Amino acid sequence: MRTRAAIATKAVAPLEIAEVELDGPRAGEVLVEIRATGICHTDEFTRSGADPEGIFPAILGHEGAGVVVEVGAGVTGLRPGDHVIPLYTPECRECEYCLNPKTNLCQKIRSTQGQGLMPDGTSRFRTLDGEPIFHYMGCSTFANHTVVPEIALAKVRQDAPFDKICYIGCGVTTGIGAVINTAKVEIGSRAIVFGLGGIGLNVIQGLRLAGADQIVGVDLNPDKKPMAERFGMTDFVNPAEVEGDLVPFLVDLTRGGADYTFDATGNVDVMRTALESAHKGWGESIIIGVAPAGAEISTRPFQLVTGRVWRGTAFGGARGRTDVPKIVDWYMQGKIEIDPMITHTLSLDEINKGFDLMHAGESIRSVVVY
Ligand code: NAD
Ligand code: DAO
Ligand code: ZN
Ligand code: ZN
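First residue of the sequence shown: 1, per the UniProt record's numbering; consecutive thereafter.
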């Protein structure tokens, strides 16, 4: 079939909107009509050329929601008409990783997904000239139709709006999951969140859900303050306005250091500050941000010797097929909010504007509605 897509033809270039050829689903695969997709910082990371694993031409996008159109041979858990959210972290429920409760990093299709291919080593996308186009993070939601392995689709309730729940495909789950699944924050905790963008705001609402007493937000952009307060931030710190070292300032503010700190900037210097502003003896610092190619983190080992813990999280530690439908339910029940964070709604033709808004720091989430 033919479908419309935004193609990343090469690094740095704006996405090109064009018709592409899409082959039908093979065994274990599902054809999905994408109804809405968020534009995440990670799409920009790849589009900009900063991603060392970026492959071009590719159809980016990994934060979508849509409807099953057709299923391939052997697909038993989904049928046409089901509403789904594609998962860049699949859940096969049978690999060594899925069987270990300590991780969500299913490895069943890891190698081909990393090469921009379906599990059989081929792509379903081609240009109208017949040139292959790579998939992205196993999702490629910047296409009106895409093909995704069954194990990388979460089936969700039918009454949830696509233009909001697409955000659960990455930002919402990553932020809330970092609090609940990775840090396992206890009621009454003190926390610091570095970076109040699309991920950090969801860390904040996760902390509110978990019953944290103090939620400090740190961002260089003061425009982020009102939205973060709306989601539960109790204290705002702009590092540019702090005289002297930021670490002792934050340690004082949290009365000895935070029980939990979260990096949602991707900046390795911020990651160090986050670790060092965690409480001596028990503070845990969770890295969510994806750093530029080649960047490294450092601290004095004594920081860890004296009880601080440094951890990371991918997709908020969530097992997508199991956890994503529950998060959709939380949204529909009003336990979490999404709507205020969707600051811009665009058509596919306007998708490059979404990247401009991100650069200007004017959006939290831009969502493309097909
Ligand atoms: P964003 O651009 O919306 O937000 C980043 C925020 O950090 C901005 O508000 C910016 O002003 C602030 N910031 C930048 N430098 C800062 C500094 N030195 N000190 C304080 N604040 C600073 O990005 P986002 O969509 O929220 O994504 C955040 C990070 O999370 C990115 O690196 C992204 O790639 C990563 N990410 C990780 C996962 C995962 O599973 N681990 C999933 C999605 C995104
Ligand atoms: O299993 O080795 C692996 C890779 C898992 C990929 C997880 C990616 C999470 C971070 C990237 C940002 C997502 C938007
Ligand atoms: Zn993302
Ligand atoms: Zn698995």
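Backbone N, C-alpha and C fix where the C-beta goes; we use that ideal spot for every residue, glycine too.
Note that the coordinates shown come from a computational prediction; the quantities given were computed from them, not determined experimentally.
Checklist line | Heavy atoms of ligand 4 versus C-beta positions, residues under 5 Å | finding: A distance filter of 5 Å between CB atoms and the heavy atoms of ligand 4 selects the following residues in sequence order: Cys-92, Cys-95, Cys-98, Cys-106, Lys-108.
Next item on the list: Mark Thr-322 as exposed unless 16 or more other C-beta atoms lie within 10 angstroms of its C-beta, in which case mark it buried.
Entry: Reading the sequence shown from its first residue, position 322 is the one you call residue 322. The residue in question, Thr-322, is exposed, as its Cβ has fewer than 16 Cβ neighbours within 10 Å.
Check: Is the Cβ-Cβ distance between Val-67 and Val-20 less than 8 Å?
Finding: Counting from one through the sequence shown, the residue named residue 67 turns up at place 67. Counting from one through the sequence shown, the residue named residue 20 turns up at place 20. Going by C-beta atoms, Val-67 is not nearer than 8 Å to Val-20.
Next item on the list: Name the residue from Met-358, Ser-298, Tyr-260, Asp-43 whose alpha carbon lies nearest to the alpha carbon of Glu-186.
Entry: Mapped onto the sequence shown, residue 186 falls at position 186. It is Tyr-260 whose Cα lies nearest to the Cα of Glu-186.
Next item on the list: Please confirm whether any heavy atom of ligand 2 lies closer than 7 Å to the CB of Arg-4.
Entry: Here residue 4 is taken as the residue at index 4 of the sequence shown, counted from 1. No, Cβ of Arg-4 sits at least 7 Å from all heavy atoms of ligand 2.
Checklist line | Identity of the residue in Gly-232, Leu-220, Asp-235, Val-203 nearest residue 371 by Cα | finding: Absent from the model: residue 371. The displayed extent of the chain is 1 to 370, so no value can be given.
Next item on the list: Sort Asp-339, Pro-301, Gly-256, Asn-238 by Cα distance to Val-270 and report the nearest one.
Entry: Looking up residue 270 in the sequence shown gives position 270. Across the set Asp-339, Pro-301, Gly-256, Asn-238, the C-alpha of Asn-238 shows the shortest separation from the C-alpha of Val-270.
Item checked: Closer than 7 Å: Glu-63 CB and nearest ligand 3 heavy atom -> Looking up residue 63 in the sequence shown gives position 63. In this structure, ligand 3 has a non-hydrogen atom nearer than 7 Å to the beta-carbon of Glu-63.
Next item on the list: Going by DSSP, name the residue or residues bridged to Phe-236.
Entry: The count along the sequence shown starts at 1 and reaches residue 236 at position 236. According to DSSP, which records beta bridges pairwise, Phe-236 is partnered with Gly-217.
Next item on the list: Measuring only between beta-carbons, confirm whether Gly-66 sits less than 8 Å from chain D.
Entry: Absent here is chain D; the protein component of the structure consists of one chain.
Checklist line | Cβ-heavy atom distance, Cys-139 to ligand 2, below 7 Å | finding: As a working mapping, residue 139 is identified with position 139 in the sequence shown. No, Cβ of Cys-139 sits at least 7 Å from all heavy atoms of ligand 2.
Notebook entry, point to check: Below 8 Å, can you find three or more Cβ-Cβ pairs linking the stretch 201-221 to the stretch 344-360?
Noted result: Three or more beta-carbon pairs separated by less than 8 Å are not found between the stretch 201-221 and the stretch 344-360, which leaves the two stretches without contact.
Notebook entry, point to check: With 16 other CB atoms within 10 Å as the buried threshold, where does Asp-163 fall?
Noted result: As a first step, residue 163 must be located in the sequence shown, where it is residue number 163. Result: buried.
Margin query: Less than 7 Å between C-beta atoms, sequence neighbours within five positions excluded: which residues of the same chain meet that for Arg-126?
Written below: Mapped onto the sequence shown, residue 126 falls at position 126. Non-local C-beta neighbours of Arg-126 in its own chain, meaning closer than 7 Å and more than five positions away in sequence, comprise Val-20, Glu-21, Pro-132, Ile-133, ordered along the chain.
Margin query: So, with DSSP's three-state summary, where would you put Trp-282?
Written below: Residue 282 sits at position 282 when you count from the first residue of the sequence shown. Coil.
Notebook entry, point to check: Relative to ligand 5, is the shortest distance from any of its heavy atoms to the C-beta of Thr-182 smaller than 7 Å?
Noted result: This structure lacks ligand 5; its bound ligands are ligand 1, ligand 2, ligand 3 and ligand 4.
Check: In this structure, does DSSP put Lys-353 in helix, strand or coil?
Finding: As a working note, residue 353 is residue 353 in the sequence shown. In the structure shown, Lys-353 sits in a helix (DSSP, three-state: H, G or I).
Item checked: Meets three-Cβ-pair contact criterion under 8 Å: the stretch 227-242 and the stretch 324-343 -> A contact exists between the stretch 227-242 and the stretch 324-343.
Check: Can you tell me the Cα-Cα spacing of Cys-166 and Ile-85, whole angstroms?
Finding: Start at 1 with the first residue of the sequence shown, and residue 166 comes out as number 166. Start at 1 with the first residue of the sequence shown, and residue 85 comes out as number 85. Rounded to the nearest angstrom, the gap between the Cα atoms of Cys-166 and Ile-85 is 7 Å.
Checklist line | Inter-residue Cα distance where the pair is residue 378 and Gly-77 | finding: Because residue 378 is not part of the residues shown, which for the chain are 1 to 370, the question remains open.
Check: Which word fits Gln-113, buried or exposed, when buried means at least 16 other C-beta atoms lie within 10 angstroms of its C-beta?
Finding: Locating residue 113 in the sequence shown gives position 113, where the first residue counts as 1. By the beta-carbon neighbour count (other beta carbons within 10 angstroms, threshold 16), Gln-113 is buried.
Notebook entry, point to check: Roughly how many whole angstroms lie between the Cα atoms of Asp-51 and Val-12?
Noted result: Numbered from its first residue, the sequence shown carries residue 51 at position 51. Numbered from its first residue, the sequence shown carries residue 12 at position 12. C-alpha separation (whole angstroms): 11 Å.
Note to self: Considering Cα atoms alone, identify which of Asn-267, Leu-250, Ser-347 is closest to Ala-278.
What the structure shows: Start at 1 with the first residue of the sequence shown, and residue 278 comes out as number 278. Selected option, being the one with the closest Cα: Leu-250.
Next item on the list: For Glu-362, write down the residues that DSSP places opposite it in a beta bridge.
Entry: In the sequence shown, residue 362 corresponds to position 362, counting from 1. According to DSSP, Glu-362 bridges with nothing at all.
Notebook entry, point to check: Where does Val-30 land, buried or exposed, given buried means 16+ other C-beta within 10 angstroms?
Noted result: Locating residue 30 in the sequence shown gives position 30, where the first residue counts as 1. With 16 or more other Cβ atoms inside 10 Å of its own Cβ, Val-30 counts as buried.
Next item on the list: Using three-state DSSP, classify His-41 as helix, strand or coil.
Entry: Within the sequence shown, residue 41 is the residue found at index 41, counting from 1. Judged by DSSP in its simplified three-state form, His-41 adopts helix.
Check: Of the choices Asp-43, Thr-182, Met-118, whose alpha-carbon is the least far from that of His-359?
Finding: The sequence position of residue 359 within the sequence shown is 359, counting from 1. Looking at the Cα atoms, Asp-43 is the closest of the given residues.
Next item on the list: Keeping to the same chain, check which residues put their C-beta closer than 8 Å to that of Pro-325; ignore five residues upstream and five downstream.
Entry: Locating residue 325 in the sequence shown gives position 325, counting from the first residue. So the list reads Ala-154, Lys-155, Val-156, Arg-157, once near-sequence residues are dropped.
Note to self: How far does the alpha helix (DSSP H) with Val-251 in it extend, from its first residue to its last?
What the structure shows: Here residue 251 refers to the residue found at position 251 of the sequence shown. In the DSSP annotation of this structure, the continuous segment of the alpha helix (DSSP H) that includes Val-251 starts and ends at 246-253.
Notebook entry, point to check: Any chance the CB of Cys-40 is under 7 Å from a heavy atom of ligand 3?
Noted result: If you number the sequence shown from 1, residue 40 lands on position 40. Cys-40 Cβ: within cutoff of ligand 3.
Check: Which residues bound the alpha helix (DSSP H) around Val-324?
Finding: Here the question's residue 324 lines up with position 324 in the sequence shown. Note, Val-324: alpha helix (DSSP H), 320-332.
Next item on the list: Would you kindly work out how many angstroms separate the C-alpha atoms of Ala-18 and Asn-144, rounded to a whole number?
Entry: The sequence position of residue 18 within the sequence shown is 18, counting from 1. The sequence position of residue 144 within the sequence shown is 144, counting from 1. Cα to Cα, the separation comes out at about 11 Å.
Check: Sorted by chain position, which residues of the same chain lie with C-beta nearer than 6 Å to Val-368's C-beta, five sequence neighbours on each side aside?
Finding: Reading the sequence shown from its first residue, position 368 is the one you call residue 368. Same-chain partners within the cutoff: Thr-37, Leu-346, Leu-348, Ile-351.
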